[in-house]
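Down below is the structure, laid out as structure tokens.
Number of protein chains: 2
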Amino acid sequence: MTKINLKILAHELGVSVSTVSKALQDSYEISQETKDKVRSLARKLNFQPNPYASSLRRHQTRTIAVIVPEIANNFFALAINGIESIAQEKGYHVLIYLTHDSYEKEKSICEHLQSGRIDGVLMSVTTETQEYEHIAKLMDKGILLVFFDRVRHEIETAKVTTDDFVSGLSATEHLIQNGAKRIAYLSLSPNLSIDYKRKAGYLEGLHKYNISQAPELIVECTNNDEEAYQRIKALLTSPHRPDGVFASVEKLATIAYAVCQELSLQIPQDVKLICFSNLKIAALLSPSLSTITQPAFEIGKEAASILFQHLDRKRASIPNENIVLKSILVPRASSQGETLMI
Amino acid sequence: MTKINLKILAHELGVSVSTVSKALQDSYEISQETKDKVRSLARKLNFQPNPYASSLRRHQTRTIAVIVPEIANNFFALAINGIESIAQEKGYHVLIYLTHDSYEKEKSICEHLQSGRIDGVLMSVTTETQEYEHIAKLMDKGILLVFFDRVRHEIETAKVTTDDFVSGLSATEHLIQNGAKRIAYLSLSPNLSIDYKRKAGYLEGLHKYNISQAPELIVECTNNDEEAYQRIKALLTSPHRPDGVFASVEKLATIAYAVCQELSLQIPQDVKLICFSNLKIAALLSPSLSTITQPAFEIGKEAASILFQHLDRKRASIPNENIVLKSILVPRASSQGETLMI
DNA sequence: TAATCTTACTATAACGTTTTCGTAAATAAA
DNA sequence: TTTATTTACGAAAACGTTATAGTAAGATTA
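Just so you know, the sequences run in chain order S and A.
Residue numbers for the first sequence follow numbering that gives the first Met the number 0, beginning at 0 and rising by one.
Residue numbers for the second sequence follow numbering that gives the first Met the number 0, beginning at 0 and rising by one.
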């Protein structure tokens with residue numbers, strides 16, 4: 000339990016604390032000889048300067064926070080993977096905070112982060128987030144913020160997303176081209192950026208093919224699995240049920256699978272299904288799941304890169320910018336094949 | 000960009016810095032009246048004491064590190080979820096570090112963490128980790144450590160795992176009871192704790208039923224997906240191929256699914272499959288996947304709880320202890336049903 | 001009334017760095 | 001030789017807290 004610090008090193012070497020500090024930072028003020036002596040002792044004793052003392056003095060922490068709704072979710076896990084890879088490369092540290100999709104938690108986390116613990120934040124908002132005072136306050140304290148995936152456009156900063164509108168359109172078009180005539184959209188929450196953009200793409204797709212939109216085909220599922228299950232079941236047992244379903248997120252698609260199993264509905268014969276998903280094993284599902292796959296890892300990487308760039312240059316704020324990375328539609332069995340005509 | 004600190008508050012209120020500090024900590028030395036004044040101004044200005052200044056003075060950071068091989072993995076994502084939930088409850092902060100299953104990275108991360116950035120570590124080692132000098136050094140600096148899942152028994156501390164041996168035995172027994180006679184074991188790496196315990200359970204299962212173990216049926220897959228694919232393919236195309244497969248981790252099972260697809264082997268008719276997995280949608284696979292499901296969330300929670308307990312009591316070390324949480328075997332289609340007799 | 005004890009504060013040192021400023025010695029320029 | 005410059009270092013303040021020790025004023029006791 001030997002805690003080493005500059006003072007100990009200095010005393011050991013018979014030089015001053017400032018000399019040791021400067022030597023370790025490779026300052027021009029220190030002779031090569033002294034640097035070598037200092038360095039070798041530091042290495043020998045495995046000395047690592049105390050980052051908090053350093054942060055205090057330097058007014059920068061080299062630490063960021065990642066705030067996401069959940070982590071047991073393929074998209075966010077991959078995005079965090081991307082974030083962490085860049086952070087490690089650039090020598091930043093990553094604190095993780097989960098909101099569990101609760102606005103209150105998101106707010107409370109943001110408030111705590113005003114303490115100077117971090118230099119920047121990467122954030123995906125909750126489905127409940129309707130206002131952004133808490134985010135504005137955070138930025139007021141000089142903390143840089145970059146949104147990814149679930150963004151708030153009211154806040155001026157960089158936002159890294161995928162092409163939700165275009166992908167929503169393609170997904171809908173894909174279902175139509177495969178014979179679907181009545182297409183439902185499974186929504187998570189209309190105040191979620193990804194959701195209303197994907198829905199807009201869906202509407203555009205219907206419009207493009209002159210299909211009139213039936214309001215009952217837009218099903219707002221909440222984040223509660225049981226409730227979502229019931230609503231999707233209601234949708235699929237309704238007298239005039241859809242023959243195509245576009246799920247805005249992976250979870251709703253898997254719930255739809257389970258509902259179809261219970262109702263003995265055949266995918267894709269009875270109902271064709273496609274969804275946004277980063278499931279690696281989509282191909283192993285029964286039937287294999289057609290997906291719009293987001294570049295989750297890259298989204299994380301890109302968001303982190305932008306943040307670190309601005310932090311390293313000590314910018315006071317990040318200009319408004321939308322970085323859009325393309326998703327790809329991977330057609331598989333769940334959305335293709337014969338539609339059963341009754 | 001108004002940075003508030005104790006000095007500003009003190010000046011504003013016409014009291015000393017120490018009074019403000021003590022008032023915020025609800026010290027008995029401060030009158031109720033003063034406390035109220037201080038608190039209300041602090042709230043109004045949204046003051047959060049600088050955690051690094053506080054850490055420096057108090058010699059505790061209320062921050063822990065989580066070191067795991069990967070995060071885009073159901074088990075680890077769930078475990079981190081559990082860790083974070085307890086951390087948030089107890090007011091700890093969670094730094095995340097990924098080793099990408101590289102020993103060198105693990106070592107380097109441990110070295111950097113000797114700086115005093117954290118009070119404790121929760122760790123799952125890499126498949127490459129063969130020695131533990133880097134971990135010992137970390138503990139030498141007074142940093143508490145709790146292992147979870149992938150542990151090193153040479154290190155004296157608490158270890159939270161699942162009942163790998165017993166579960167390995169049950170899985171093997173389950174395959175045997177469903178008619179499998181030649182059972183293969185897909186291993187990740189023999190120097191991984193979870194792996195050799197599960198394998199021991201597998202061997203015990205064979206022994207219990209008087210089945211002799213054929214060495215070629217233990218396939219050491221690496222962490223490289225492509226290589227694992229080839230080895231599993233070799234196994235399943237061998238002249239005397241197994242009729243049962245026990246995969247030690249989820250990923251190897253999904254690779255086995257893909258191999259069977261390529262080879263047109265039927266699961267479970269040609270080969271029965273079971274694996275350790277935390278896949279939520281195991282039931283939606285084709286065929287549905289029989290799993291041994293680990294209490295991943297609880298493992299994370301338990302490991303974090305133990306760590307925080309010892310940290311809060313300022314213990315210098317954590318006594319050696321093995322906490323074992325039970326997994327449950329969920330039989331599904333992949334391991335049951337008729338074996339095709341040729 | 002004097003001595004003691006509370007109450008409610010303040011001053012100050014300390015945590016481990018970094019950085020500014022100062023300076024002696026060595027070297028170069030005049 | 002004198003003056004100016006460079007080199008290589010050290011002293012000390014500062015970052016924002018917390019905790020120890022000290023102390024006036026008021027309350028209590030003898």
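Note that the Cβ used here is the ideal one computed from N, Cα and C, for glycine as well.
Predicted model only: the values in this text are computed from it and were never measured.
Quick one: list the residues of chain S neighbouring A/Q129, beta-carbon separation under 9 Å, in chain order.
Those within 9 Å of A/Q129 in chain S number zero; the least Cβ separation is about 21 Å.
Taking only the alpha-carbon atoms, compute the straight-line gap between S/G336 and S/P330 and give it to the nearest angstrom.
Roughly 11 Å between the two C-alpha positions.
At which residues does the alpha helix (DSSP H) containing A/S107 begin and terminate?
Where A/S107 is concerned, the enclosing alpha helix (DSSP H) stretches over 102–111.
Measuring straight from C-alpha to C-alpha, what distance separates S/Y208 and S/Y201?
Rounded to the nearest angstrom, the two C-alpha atoms are 11 Å apart.
What residues in the stretch 317–329 of chain A bring their beta carbon closer than 9 Å to a beta carbon of chain S?
Under the 9 Å Cβ criterion, the stretch 317–329 of chain A contributes no residue.
Assign S/L288 to buried or exposed, taking buried as 16 or more other Cβ atoms, counted over all protein chains shown, within 10 Å of its Cβ.
Label assigned to S/L288: buried.
Measure the C-alpha to C-alpha separation of S/H10 and A/S39 and round it to an integer number of angstroms.
Going by the C-alpha atoms only, they are around 46 Å apart.
In whole angstroms, give me the CA-to-CA distance for A/I63 and A/L137.
Taking the straight line from one Cα to the other gives about 13 Å.
Does A/L339 pass the burial test, meaning 16 or more other C-beta atoms within 10 Å, or should it be called exposed?
Legend: pLDDT at A/L339 = 45, less than 50; position of this residue unreliable, value from coordinates given subsequently. The residue is exposed, with fewer than 16 neighbouring Cβ atoms inside 10 Å.
Against S/V93, what residues of chain A qualify as contacts under a CB-to-CB distance less than 7 Å, listed in chain order?
By Cβ distance, chain A contributes L94, I95.
Measuring only the C-alpha atoms, how far is S/S237 from S/I182?
Looking at the two C-alpha atoms, the distance is approximately 13 Å.
Taking the Cβ atom as the reference point for each residue, do A/V244 and A/S192 lie within a distance shorter than 8 Å?
No; because the gap between Cβ atoms is not below 8 Å, this pair is not in contact.
Just the Cα atoms here: how many angstroms apart are S/T126 and A/V93?
Roughly 23 Å between the two C-alpha positions.
In the stretch 263–282 of chain S, which residues sit with their C-beta less than 7 Å from some C-beta in chain A, listed in chain order?
If the cut-off is 7 Å between Cβ atoms, the stretch 263–282 of chain S has I280 near chain A.
Please report whether the beta-carbon of S/G115 lies at a distance below 8 Å from any beta-carbon of chain A.
Cβ-Cβ to chain A under 8 Å: yes for S/G115.
Just the C-alpha distance for A/S188 and S/Q113, rounded to the nearest angstrom, thanks.
In a straight line, the C-alpha of A/S188 is about 44 Å away from that of S/Q113.
In this structure, does DSSP put A/F75 in helix, strand or coil?
If DSSP states are grouped into helix, strand and coil, A/F75 belongs with the helices.
Taking C-alpha atoms, which residue in S/P318, S/L328, S/S101, S/S334 lies nearest to S/L144?
Selected option, being the one with the closest Cα: S/P318.
Ends of the beta strand (DSSP E) at S/V93?
Start and end: 92–97.
Tell me whether A/K2 is buried or exposed, calling it buried when 16 or more other Cβ atoms sit within 10 Å of its Cβ.
Counting Cβ neighbours within 10 Å, A/K2 comes out exposed, since fewer than 16 surround it.
If you pair each beta-carbon of the stretch 252–267 of chain A with each one of the stretch 224–233 of chain A, do three or more pairs fall below 8 Å?
Yes: at least three Cβ pairs fall under 8 Å.
Is the shortest distance between the beta-carbon of S/E83 and the beta-carbons of chain A less than 8 Å?
Yes, S/E83 lies at the interface with chain A (some Cβ there is under 8 Å from its Cβ).
Nearest to S/T290 by alpha carbon, out of S/E261, S/E297, S/V270, S/S247?
Residue S/S247 is the option with its Cα nearest to S/T290.
In this structure, does DSSP put A/G119 in helix, strand or coil?
Strand at A/G119.
Measure the alpha-carbon distance for A/Y184 versus A/S166 and round it to whole angstroms.
The alpha-carbon atoms of A/Y184 and A/S166 are separated by roughly 13 Å.
Which residues in chain S sit within 7 Å of A/Q47, going by Cβ to Cβ distance?
Correct list: H111, Q113, S114.
With a 10 Å radius around its C-beta and 16 neighbouring C-beta atoms as the bar for buried, classify A/G115 as buried or exposed.
Under this definition A/G115 is a buried residue.
What residues from chain S crowd round A/K21, counting only those whose CB sits closer than 8 Å?
Ordered by position in chain S, no residue passes the 8 Å Cβ test against A/K21, which lies about 19 Å from the chain.
Closest Cβ-Cβ distance between A/K2 and chain S: below 8 Å?
Chain S, which has a Cβ nearer than 8 Å to the Cβ of A/K2, makes this yes.
Going by DSSP, what residue range makes up the beta strand (DSSP E) through S/L272?
Run containing S/L272: 271–275, per the beta strand (DSSP E) assignment.
Hey, S/D162 and S/K325: beta-carbon distance below 8 Å or not?
Against a cut-off of 8 Å, the Cβ pair of S/K325 and S/D162 comes out as a contact.
Along chain A, in chain order, which residues have C-beta atoms closer than 8 Å to that of S/N80?
Correct list: E69, I70, A71, L97.
Could you run through the stretch 154–177 of chain S and flag, in chain order, every residue whose CB is less than 9 Å away from some CB of chain A?
Here the close residues number zero.
For S/T253, which residues in chain A fall below 7 Å Cβ to Cβ?
Neighbours of S/T253 on chain A, chain order: I280, L283.
Over the uninterrupted alpha helix (DSSP H) stretch that includes S/A233, give me the two end residues.
Start and end: 224–236.
So with CB distances below 9 Å, who are the chain S contacts of A/S39?
Result: empty, since nearest Cβ-Cβ is about 16 Å, beyond 9 Å.
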